[in-house]
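Report on the following structure.
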Amino acid sequence: MPRHSALALLLALACAPCLAVGCASPEGVGELDAGHVQDARQAADGSEDAAHDAAAFDASDAARADASADIDASADIDASAEIDASTEIDASTEIDAGAEIDAGAEIDAGAEIDASTELDAAATPDAATPDAATPDAGPTPTPWTRSTLTAPPGRHSSVMAYDSARHVIVLFGGNTGITANGSDTWEYDGTTWARITTATTPPGRWNSVMAFDSARAVMVLFGGNTGITAYASDTWEYDGADWTPVTTATSPRGRNGATMAYDSARGVSVLFGGNNSTTSYGSDTWEYDGTDWTPITTTTTPRGRHDAGMAYDSARGLVVLFGGNNSTTSYGSDTYAYDGVDWQSVTTSATPRGRHGPGMAYDATRGVIVLFGGNDSTSSYGSDTWFLDATGWRQITTSPTPGGRFDSVLAHDARRGVSVLFGGNSSVTGYDGTVWEL
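In the working numbering, the protein residues as written are 107 to 544.
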């Protein structure tokens, strides 16, 4: 199958002045650099995703943190704390992907960057930048709006994706409280939620994964917890008329809590991790091209995890993974990007607090990945909104905003230019049924 050329992205700690805070640069990782351009390819089905200026990740061993920069007071650093085996600050210090930085900790200004990293001597953090958790200083985005339309019954751990061929959002399954393993299919066109009756339907499930294959105009569903099989390994496709089971020569081990996104540039669905019968923290990468599943071997791989967030950034041709529950912490805060060749750790000066079960999707209208909520170390029901683009993560504050939740679903309606959030496990009902748009 087609694969990208060797990875030319590594990330640095320096971001735009409105985002950066001083911190040491981990070895072998870099920053999103808007100077590298890659054409975003449109899907064969005439998807409406607009081409965006692409930017890849670049790193700088000239970049170093200003010791006077403010560090997020919520973070703690421990010189002995371990994070990702591929990430090091200096010869004596290893950091855990979920490790937090102490407000008083001094950062090693001499932190080295891997010699193979391409350098950008111009990247230098601004000591006057706001705290990493401070909301974006730029224009306030259109606020979240709660929909008043009649929606599907409340639930958490369902799956949802946007069908760009038919211009509808498709929702399947989840845990409703009444039905732990939902098997209902819904479509939302921005005006009405409609329950779809099909001749064939997958067994009810929750914690599965689903993505829209725009080249073949089908939804791809994999795995999950069916109640009968806690670690399902079946593959299904939905074309808007019916669900069809797919038999493949090779298949990932059964699992739930994995993540999956469709890479439209290469025409494959990318699956990572999950909780399976062998390990609670899977770290395997698979690709599905509509015919068969293929296990992918990479030089670098993220720490195993489940209940992470994942989205495909079509402007830069990258599958982006964030957070999740891993073997070190229930609240991962690491970001990784996959270009079809290798995974690379992404480090930016601001980063969301570690969490699992966030809603995450690529907003093609704004050219950003949107992350909402999740279960974190401060609140079981997070309600914060973050954007990720070529300059890094930045927190967005709007009023009103959805109530806190985790295990919700998020999808971007490209025709209407809005990201749609549905359901989740909330502090109010446990099985949230509200719909919000951003």
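Glycine is no exception: its CB is placed at the ideal position from the N, C-alpha and C atoms.
For this session: Assign P458 to one of two classes, buried (16 or more other C-beta atoms within 10 Å of its C-beta) or exposed (fewer than that).
Result: Along the sequence shown, read from residue 1 onward, the residue named residue 458 stands at position 352. Around the C-beta of P458, 16 or more other C-beta atoms lie within 10 Å, and the residue is accordingly described as buried.
For this session: Return the chain-ordered ranges of every beta strand (DSSP E) run that is complete within the stretch 452-514 and spans a minimum of 3 residues.
Result: If only uninterrupted beta strand (DSSP E) runs of at least 3 residues are considered, those enclosed by the stretch 452-514 are 465-469, 474-482, 488-495, 498-502.
For this session: Provide the residue span of the beta strand (DSSP E) that contains W399, from first to last.
Result: Against the sequence shown, residue 399 aligns to sequence position 293. From DSSP, the beta strand (DSSP E) with W399 extends over 399-402.
Exercise. Do you know offhand how far T384's Cα is from P249's?
Worked result: By 1-based counting over the sequence shown, the position of residue 384 is 278. By 1-based counting over the sequence shown, the position of residue 249 is 143. Inter-residue distance for T384 and P249 is about 43 Å (C-alpha atoms, whole angstroms).
For this session: Please state whether DSSP places S270 in a helix, a strand or coil.
Result: Translated into the one-based positions of the sequence shown, residue 270 becomes position 164. Coil.
Exercise. Who are L327's beta bridge partners in DSSP?
Worked result: Counting from 1 along the sequence shown, the entry for residue 327 is found at position 221. Note: L327 sits in a beta bridge opposite M316, W342.
Problem set entry | 9 Å Cβ cutoff, G429 in contact with chain B | No chain B is part of this structure, which consists of one protein chain only.
For this session: Mind checking who N287 pairs with in its DSSP beta bridge?
Result: Mapped onto the sequence shown, residue 287 falls at position 181. Per the DSSP secondary-structure output, N287 pairs with nothing in a beta bridge.
For this session: Mark V526 as exposed unless 16 or more other C-beta atoms lie within 10 angstroms of its C-beta, in which case mark it buried.
Result: Locating residue 526 in the sequence shown gives position 420, where the first residue counts as 1. Buried.
Exercise. Which same chain residues, not among the five before or five after T365, have their C-beta less than 6 Å away from its C-beta?
Worked result: Counting from one through the sequence shown, the residue named residue 365 turns up at place 259. Spatial neighbours of T365 in its own chain (CB-CB distance under 6 Å, excluding positions within 5 residues in sequence) are listed in chain order as F378, A414, M416.
Exercise. Between the C-alpha atoms of T307 and P351, what's the straight-line distance to the nearest angstrom?
Worked result: Along the sequence shown, one-based indexing puts residue 307 at 201. Along the sequence shown, one-based indexing puts residue 351 at 245. Distance from the CA of T307 to the CA of P351, rounded to the nearest whole angstrom, comes to 9 Å.
Problem set entry | Meets three-Cβ-pair contact criterion under 8 Å: the stretch 360-376 and the stretch 420-435 | With a cut-off of 8 Å on Cβ pairs, the stretch 360-376 is in contact with the stretch 420-435, counting three or more such pairs.
Problem set entry | Chain-order list of residues whose beta-carbon lies under 8 Å from that of T287 (same chain, five-residue window excluded) | Locating residue 287 in the sequence shown gives position 181, where the first residue counts as 1. First, the amino acid is wrong: residue 287 is Asn here, not Thr. Within the same chain, Cβ atoms closer than 8 Å to the Cβ of N287 are found at G279, N281, P309, G310, R311, W312, N331, T332, G333, the five residues on either side in sequence being excluded.
For this session: Starting from the Cα of R511, find the closest Cα among R261, T256, I475, A257 and give me that residue.
Result: One-based indexing of the sequence shown puts residue 511 at position 405. It is R261 whose Cα lies nearest to the Cα of R511.
Exercise. With distances taken between CB atoms, is the gap from W553 to L327 smaller than 9 Å?
Worked result: Beyond the ends of the chain as shown, which are 107 and 544, falls residue 553; an answer cannot be given.
Exercise. Would you call the stretch 448-458 and the stretch 512-525 in contact, with 3 or more CB pairs under 8 Å?
Worked result: Cβ pair count under 8 Å is below three, so no.
Exercise. Are the beta-carbon atoms of S485 and G509 separated by less than 9 Å?
Worked result: For the purposes of this step, residue 485 is taken as the residue at position 379 of the sequence shown. For the purposes of this step, residue 509 is taken as the residue at position 403 of the sequence shown. In this structure, S485 keeps its C-beta atom at 9 Å or more from the C-beta atom of G509.
Exercise. Three-state secondary structure (DSSP) at S436?
Worked result: Here residue 436 corresponds to residue number 330 of the sequence shown, with the count starting at 1. In the structure shown, S436 sits in coil (DSSP, three-state: anything other than H, G, I, E or B).
Exercise. Among R359, Y468, N481, V515, which residue has its Cα nearest to the Cα of A336?
Worked result: Sequence index remark: in the sequence shown, residue 336 carries index 230 (1-based). The shortest C-alpha separation from A336 is found at R359.
For this session: Kindly give me the distance between the Cβ atoms of L516 and V476, rounded to whole angstroms, as I take these residues to be in contact under 8 Å.
Result: By one-based count along the sequence shown, residue 516 stands at place 410. By one-based count along the sequence shown, residue 476 stands at place 370. Yes, L516 and V476 are in contact; Cβ-Cβ is about 7 Å, under 8 Å.
Problem set entry | Reduced DSSP category for A300 - H, G, I as helix; E, B as strand; rest coil | Here residue 300 is taken as the residue at index 194 of the sequence shown, counted from 1. Of the three classes helix, strand and coil, the one that applies to A300 here is strand, per DSSP.
For this session: Have a look at the DSSP bridge pairing and note the partners of S525.
Result: Numbered from 1 along the sequence shown, position 419 holds the residue referred to as residue 525. DSSP, once it has assigned bridges, lists H518 as partnering S525.
Exercise. For the beta strand (DSSP E) that L544 lies in, which residues bound it at each end?
Worked result: Within the sequence shown, residue 544 is the residue found at index 438, counting from 1. It is not in any beta strand (DSSP E) - L544 carries neither H nor E in the DSSP assignment.
Exercise. CA-CA distance, A257 and G539?
Worked result: Residue numbering aside, residue 257 sits at position 151 when the sequence shown is read from its first letter. Residue numbering aside, residue 539 sits at position 433 when the sequence shown is read from its first letter. C-alpha separation (whole angstroms): 7 Å.
Problem set entry | Proximal residues to S505 (C-beta, below 8 Å), its chain only, five neighbours per side dropped | Here residue 505 refers to the residue found at position 399 of the sequence shown. Only P249 meet the Cβ criterion.
Problem set entry | D369: first and last residue of the uninterrupted beta strand (DSSP E) it sits in | Position 263 of the sequence shown, counting from 1, holds the residue named residue 369. Annotation: the continuous beta strand (DSSP E) that includes D369 extends over 365-369.
For this session: Please look up how many angstroms separate the CB atoms of L353 and W399, rounded, as I've assumed it's under 8 Å.
Result: On the sequence shown, residue 353 is found 247 positions in, with the first residue counted as 1. On the sequence shown, residue 399 is found 293 positions in, with the first residue counted as 1. The sequence given here places Thr at residue 353; Leu does not occur at that position. Actually they are not in contact, since the Cβ atoms of T353 and W399 sit about 11 Å apart, beyond 8 Å.
Exercise. Helix, strand or coil: how does DSSP classify L255 here?
Worked result: Position 149 of the sequence shown, counted from the start, is the residue given in the question as residue 255. Looking at L255 - three-state DSSP - the assignment turns out to be coil, as it is neither helix nor strand.
Problem set entry | Counterpart residues of V352 in DSSP-defined beta bridges | Position 246 of the sequence shown holds residue 352. In DSSP, V352 forms a bridge with T341.
Exercise. Is D445 helix, strand or coil when you go by DSSP?
Worked result: As a first step, residue 445 is located in the sequence shown; it is residue number 339 there, counting from the start. Correct three-state label for D445: coil.
Exercise. Among all the DSSP beta bridges, which residues are the ones paired with T250?
Worked result: Translated into positions along the sequence shown, residue 250 becomes position 144. Reading off the sequence shown, one finds Trp at residue 250, where the question assumed Thr. Partner(s): none; W250 has no beta bridge.
Exercise. How many angstroms separate the CA atom of T254 from the CA atom of D269?
Worked result: Position 148 of the sequence shown, counted from the first residue, corresponds to residue 254. Position 163 of the sequence shown, counted from the first residue, corresponds to residue 269. Between T254 and D269, the C-alpha separation is close to 22 Å.
Problem set entry | For G415, the first and last residue of its enclosing beta strand (DSSP E) | Here residue 415 refers to the residue found at position 309 when the sequence shown is read from its first residue. Unbroken beta strand (DSSP E) run through G415: 415-419.
Exercise. Skipping 5 residues on each side, what residues in its chain have a beta carbon closer than 7 Å to that of A317?
Worked result: The residue given as residue 317 occupies position 211 in the sequence shown. Shown here for A317: same chain residues with a beta carbon closer than 7 Å to its own, the five before and five after excluded, namely A267, V326, M366, A367, Y368, S375 in chain order.
Exercise. For the beta strand (DSSP E) that T332 lies in, which residues bound it at each end?
Worked result: Against the sequence shown, residue 332 aligns to sequence position 226. Unbroken run through T332: none, as it is neither H nor E.
For this session: Would you mind stating whether F478 and W499 have Cβ atoms separated by less than 9 Å?
Result: Counted from its first residue, the sequence shown places residue 478 at position 372. Counted from its first residue, the sequence shown places residue 499 at position 393. One thing to note: F478 has its Cβ no nearer than 9 Å to the Cβ of W499.
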